[in-house]
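Residue numbers (our numbering): 14 to 207. Here a beta-carbon is modelled for each residue, glycine too, at the ideal position from N, C-alpha and C. Since we're looking at a predicted model, the values are computed, not measured.
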């Protein structure tokens, strides 16, 4: 009888130990050093920029040539499609590792071959080596509307990559309140620029 009770206590203590270590590991993953969680920008010769999204349906017949135009500067690959109905989304998303010359080139091409650029997605939601053109995968709270003047600021040829991304992060901070079923509620998808 005593042996059975000792075995049960041993089993319980083993389960408790496993549970405690499991909990500590999970907490460590969530509360770990944020510097480790930040993505390092690999050189473009090792990791190319992926340009993904949609072009307008009216350019369907020229799509192969247009896809080549998007990647004309090199160090990039395109996974673009023709939008199947209506107008493309006016959203663009640019990762933090994209060089300024590629980012500006893709913005110009997006303005030419999609419906335009009127919203920016926060970089915190985008992979560093990725550009989204006319993408519909981001909800409105993660976006911020931009004016044509602000888009022109991003297209300034004098900007360095660092200055471009600083401006992009500044312009892409969404509003603190967001519409939700007719109400203005706090936007939980806001992040301050680095």
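Within the same chain, and ignoring the five residues on either side of residue 203 in sequence, the residues whose Cβ sits closer than 7 Å to its Cβ are 186, 187 and 189. The residue among 75, 69 and 134 with its C-alpha nearest the C-alpha of residue 144 is 134.
Where residue 75 is concerned, there is no enclosing beta strand (DSSP E), because DSSP gives it neither an H nor an E. For the options 160, 88, 191 and 170, the alpha carbon positioned closest to that of residue 110 is the one of 88. Annotation for residue 164: the continuous alpha helix (DSSP H) segment containing it runs 161-167. Nearest C-alpha to residue 150 among 73, 138, 178 and 129: 138. With distances taken between CA atoms, residue 194 lies nearest to 153 out of 78, 153, 183 and 66. The residues 166, 167 and 172, in chain order, have a CB closer than 8 Å to that of residue 180 in the same chain once the five nearest residues on each side in sequence are set aside.
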